[in-house]
Amino acid sequence: MRFPPFLTSLTAATVFCCLLLGSASTRVVGAEEPSPATIDDLAVGFDGYYKVGEWSPLFVTVSAATDCSARLVVSVPDIDADMSVLTSETVELAAGKPFRFESRFKTGRANGELRIRVETDAGPIASKLLRVSDESPQFREGLLPAQQLWVAIGDPAGLETPSVEGAVESEITVEVGKPVIAHISVENLPSIWQSYTAIDALIVAAAATTPEQKPFPAEITEPQSAAVALWVRCGGYLIFSLGRDVEAYDKSPLAKWMPVKVIGQAETRQLGDVESIAGQRDPLPRFRGVKTAVISENEADFDGVVVKRGRTGPTLLRMPYGLGRIVFFTIDVNLPPIKGWKAATALLENLVNGETRSDLQSQQTASGQLSKRGITDLSSQFLATLQDWDNVPRISVWTVLGLIALYGLLIGPLDYWIVQKVFKKPELTWVTFPLFVALAGGLAIWMSTASHSKTVQVKQTSFIDLDTSTEQLLVRSWFGVYSPENKLYTIEAQPEPFADDKTAPREIELSWLALAEDAVGGLNRQGGIHLTDRTYDYGTDEVTMKNVPIGHWSAKSFLAQWDTTRSGLVDNQLESSGMGRMRGRISHSFPVPLRDCVLAYGGQAYLIDQLAPYQQWRPNAPQSRELRSFLTGLVAKQKTMDDNKASFDEFFEERTTYNPDDRDLENVSRMLTFYETAGGAAYTGLAHDVSPELDYSKHLRLGRAVLLARIDLSPTTIHVDGVTPENTQQETFVRILLPVRKTDVSGGRRTLPTTDVAPPPRPKR
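Residue numbers (mature numbering (1 follows the signal peptide of the UniProt record, and there is no 0)): -31 to -1, 1 to 734.
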């Protein structure tokens, strides 16, 4: 077949033009134009480790070609695979001078992605995309919420290699009961306290290990120190080791807030107390002159428990600080003789856990026998209460099964009986069958519409946590938003002052929330395919979330938290003469009464139905019950036994079985607060690994009293699209940590509480 000459010429001209344009475009694309900016370095999480559903730090080092004003934009998927966007404040970048942004991220997918963008008002100038599938050590697979993450600074002995053996790059093989250990430098220590929420324990070895290295106290900055202090006061857990570099510690910002006073330094060769902490038979290597920090034992300088005592004074101290805890070890764990000791790993584990290995194994056994229900963690039981709406009744499974059976009966036997027996016209099934299907569909639509609210609903539960020693106040408000339609919402949280002191909150934060379960909408679920790329923004003030998508007849959960210092809310004059005996008085100045009060101390629970503002309450024995019996519903029962010869009474104790499906917030809040005291997983059948900081049982062991009560006020106001929904359900609990003054029977002061005694002096020769 031959083409006309004009068509051949036209085709040749077209091909020539295409080749010419392609060559030109190739030259344009191939030309290397200078990039406006480059991302020089990244530090994601803690040595690449982070937790799903928790905030983690992000450091991005950027170099710009010209002077400009830029900001860092971080995007990660949330639990619904919608991209949440956090934008930093605008900073000035100098040409050719690297600048290090500090931000944070909270992802809902363990195998998700992290999008980083540096932009100006004119648009992006640098970007980076990290995926877990790329198997980069910079961005590993996310840890599940129940997995422990220990962050170590200063190379503590025994933690040189991660407990997760065989972890290669981003692949993490979690060994049951073992934490993941991340080693970071002081440079990568966050100065934003929320970035620490993914950490279960921060382990700091203060000594410098090489002549060129500075000790940790000399390297930490004021913002970093303030962030660590605030994190601990809000529930964090710090393990601090100091022996040699006492002078650097005294000059550091740490000495300004650490609740222990270092008054000097000493040397010792007797380290039997250290060996007993490790619980191992391997003796420490002989070493001449081990440096130890000397701690003041004056009651004004220390409020805690001396766990182990050596010849030079306390060796191991545990103390509360705000809502959190601190372990202070007076010997360097990154220097000889501990460094290189076979039992160093056991020592560090016992410093962190405060328990022997046998105790940990028994806890793991109990945790391995958890209920096979949909809920496996106590925090999930608590958060599930946010999905129970008074105005949105849920249709039971049995109702659905009954309707399905009725539908099958309607289109089957009933239809046959009507057309065959009543009308005796089988052809009528062409009318009756569609009619019955339409009737069933209409009934289903009517029932679904009638059982769902037509307005936005908010259900909120808040904890007001107060430590009277540091005057630290932390408010956490968990809330769910129900949507009657498919819509993008603006969610806003505002703190509400509830006392005469109008001190403004230091930090206000709003973020999404999800259950830590292996289910749809759960943090433990592997991410699936998402068909949309919806995004929403955290406001620059961090109290708003804009364009949050919530589906039709569905809900999304959030957490709003803020902290401040608040004085004068509680007048605490409680005393104890030992053996858990309480005396003294307590009162409060909250604007409304406290209801259903439980004051726990020394294994006893003191109860009062209502405590009005400024009312003096004197806890005493007639108001008390044994704490564990109260929490577990233990009651004594009598049963008459009858045999052939005589009858007799048998007395026995019976515990109330814990119900993981219970939605009574009072019962759930008590278990959150006193989980270990009640028996932990052995009693509840649930773990408490996701939010262990909510359990104040360890504060009871440190000599604190804990007051738990209901209160009729809302510390946080929720706005949806600028208004407060009329249908808002809310419950608030106040939890107060109270120091108890120790006295002897005659009213005199006692020495520091201790669980150990000093070794006897060496006999003179």
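C-beta: ideal position from N, C-alpha, C; glycine also. As the structure is a computational prediction, the values presented were derived from the model and not from experiment.
Compare the C-alpha of Y507 against each of S598, A121, L528 and D487 and name the closest. In the sequence shown, the residue the question calls residue 507 occupies position 538. For the residues S598, A121, L528 and D487, the minimum Cα distance to Y507 belongs to L528.
Look up M551 in the DSSP assignment and say whether it is helix, strand or coil. Position 582 of the sequence shown, counted from the start, is the residue given in the question as residue 551. In the structure shown, M551 sits in a strand (DSSP, three-state: E or B).
Compute the distance between the beta-carbons of P67 and T35, then report whether it is under 8 Å. Along the sequence shown, read from residue 1 onward, the residue named residue 67 stands at position 98. Along the sequence shown, read from residue 1 onward, the residue named residue 35 stands at position 66. No, the pair does not count as a contact, with Cβ atoms beyond the cut-off.
Extract the residue ranges of the alpha helix (DSSP H) inside the stretch 279 to 305, only unbroken runs of 4 or more that lie entirely within it. none
F271 by DSSP, collapsed to three states: which one? What you label residue 271 is simply residue 302 of the sequence shown in a count that begins at 1. Coil.
Own chain partners of V(-17) with C-beta closer than 8 Å, once the 5 adjacent residues on each side are dropped: Against the sequence shown, residue -17 aligns to sequence position 15. Any reading at V(-17) needs caution, since the residue's pLDDT is 46, under 50, leaving its predicted position unreliable; the model's value is listed next. Closer than 8 Å at the Cβ level, and outside the excluded window around V(-17), lies no residue.
Please list the terminal residues of the continuous beta strand (DSSP E) segment that includes E440. Locating residue 440 in the sequence shown gives position 471, counting from the first residue. No beta strand (DSSP E) holds E440; DSSP gives it neither H nor E.
Give the list of continuous beta strand (DSSP E) stretches no shorter than 3 residues that lie fully inside the stretch 139 to 215. 149 to 152, 170 to 174 and 206 to 210
Enumerate in chain order the residues of its own chain whose CB-to-CB distance from L(-22) is below 8 Å, with the five nearest sequence positions on each side excluded. For the purposes of this step, residue -22 is taken as the residue at position 10 of the sequence shown. Note that L(-22) scores a pLDDT of 45, beneath 50, so its modelled location is shaky and nothing firm can be said.
Which same chain residues, not among the five before or five after T504, have their C-beta less than 6 Å away from its C-beta? Numbered from its first residue, the sequence shown carries residue 504 at position 535. Cβ within range, chain order: M52 and V54.
Inter-residue Cα distance where the pair is I705 and R673: As a working mapping, residue 705 is identified with position 736 in the sequence shown. As a working mapping, residue 673 is identified with position 704 in the sequence shown. The alpha-carbon atoms of I705 and R673 are separated by roughly 10 Å.
Sorted by chain position, which residues of the same chain lie with C-beta nearer than 6 Å to Q249's C-beta, five sequence neighbours on each side aside? For this step, residue 249 is matched to residue 280 along the sequence shown. Within the same chain, Q249 has close Cβ partners A312 and A315.
Where the alpha helix (DSSP H) through L600 begins and ends: Position 631 of the sequence shown holds residue 600. Element bounds for L600: L596 to T601.
Measuring CB atoms only, is the stretch 268 to 285 touching the stretch 212 to 226, in the sense that at least three cross pairs come out at less than 8 Å? no
Just the C-alpha distance for T601 and R624, rounded to the nearest angstrom, thanks. Indexing the sequence shown from 1 puts residue 601 at position 632. Indexing the sequence shown from 1 puts residue 624 at position 655. Taking the straight line from one Cα to the other gives about 6 Å.
For Q429, count the other beta carbons within 10 Å of its own beta carbon; 16 or more makes it buried, fewer makes it exposed. Which is it? Reading the sequence shown from its first residue, position 460 is the one you call residue 429. Buried, because 16 or more other Cβ atoms sit within 10 Å of the Cβ of Q429.
Mind checking which residues open and close the alpha helix (DSSP H) that includes G648? Reading the sequence shown from its first residue, position 679 is the one you call residue 648. G648 -> no alpha helix (DSSP H), and no H or E assigned at all.
Exposure label - I414; buried when at least 16 CB within 10 Å: Numbered from its first residue, the sequence shown carries residue 414 at position 445. Burial call: exposed.
Hey, is the stretch 218 to 236 in contact with the stretch 453 to 466, meaning 3+ C-beta pairs nearer than 8 Å? no
Rounded to the nearest angstrom, what separates P588 and D124 at their Cα positions? Counting from 1 along the sequence shown, the entry for residue 588 is found at position 619. Counting from 1 along the sequence shown, the entry for residue 124 is found at position 155. Their backbone Cα atoms lie some 48 Å apart in a straight line.
Is DSSP giving S349 helix, strand or coil here? To locate residue 349, count along the sequence shown from 1; it is residue 380. Reduced to three states, the DSSP call for S349 is helix.
Can you tell me where the alpha helix (DSSP H) with K394 in it begins and where it stops? Numbered from 1 along the sequence shown, position 425 holds the residue referred to as residue 394. Unbroken run through K394: none, as it is neither H nor E.
Is there contact between the stretch 436 to 455 and the stretch 523 to 539, where contact requires at least three CB pairs shorter than 8 Å? yes
What is the rounded straight-line gap between the Cα of C203 and the Cα of P289? On the sequence shown, position 234 is the one that residue 203 refers to. On the sequence shown, position 320 is the one that residue 289 refers to. Spanning the two alpha carbons is a distance of roughly 11 Å.
Need the endpoints of the beta strand (DSSP E) that D565 sits in, please. Sequence index remark: in the sequence shown, residue 565 carries index 596 (1-based). Unbroken beta strand (DSSP E) run through D565: L563 to Y570.
Close beta carbons around V259, own chain, < 6 Å, minus the five adjacent residues each side: Within the sequence shown, numbered from 1, the residue matching residue 259 stands at position 290. Cβ neighbours of V259 beyond the five flanking positions: T237.
Determine the direct distance from the alpha carbon of R639 to that of residue 737, and round the result to whole angstroms. The structure shown has nothing for residue 737, since the chain only spans -31 to 734.
Rounded distance between the beta-carbons of A262 and G323, thought under 8 Å: As a working note, residue 323 is residue 354 in the sequence shown. As a working note, residue 262 is residue 293 in the sequence shown. So it is not a contact: roughly 20 Å between Cβ atoms.
Could you tell me which whole alpha helix (DSSP H) segments of length 4 or greater appear in the stretch 217 to 278? 223 to 226 and 241 to 247
Check whether the Cβ of L112 lies closer than 8 Å to any Cβ atom in chain D. In the structure shown, chain D does not exist; there is a single protein chain.
Under 8 Å between C-beta atoms of L320 and I208: Translated into positions along the sequence shown, residue 320 becomes position 351. Translated into positions along the sequence shown, residue 208 becomes position 239. In this structure, I208 lies closer than 8 Å to L320 by Cβ.
At the level of alpha carbons, what is the spacing between A647 and D658? The residue labelled residue 647 in the question sits at position 678 within the sequence shown. The residue labelled residue 658 in the question sits at position 689 within the sequence shown. Distance between the alpha carbons of A647 and D658 is about 16 Å.
With a CB to CB cut of under 6 Å and the five nearest residues on each side skipped, what residues in its chain are close to A198? For the purposes of this step, residue 198 is taken as residue 229 along the sequence shown, with counting starting at 1. Here the set comprises W226.
Kindly list the residues whose CB is nearer than 7 Å to the CB of A170, restricted to its own chain and excluding five residues on each side of it in sequence; keep chain order. Along the sequence shown, read from residue 1 onward, the residue named residue 170 stands at position 201. Same-chain partners within the cutoff: W119, Y206, I208 and V321.
Euclidean distance between Cα positions of R564 and Q585: Taking the first residue of the sequence shown as 1, we reach residue 564 at position 595. Taking the first residue of the sequence shown as 1, we reach residue 585 at position 616. Approximately 14 Å between the Cα atoms of the pair.
Can you have a look at P180 and say buried or exposed, based on whether 16 or more other CB atoms are within 10 angstroms of its CB? To locate residue 180, count along the sequence shown from 1; it is residue 211. P180 is exposed by the Cβ-count criterion.
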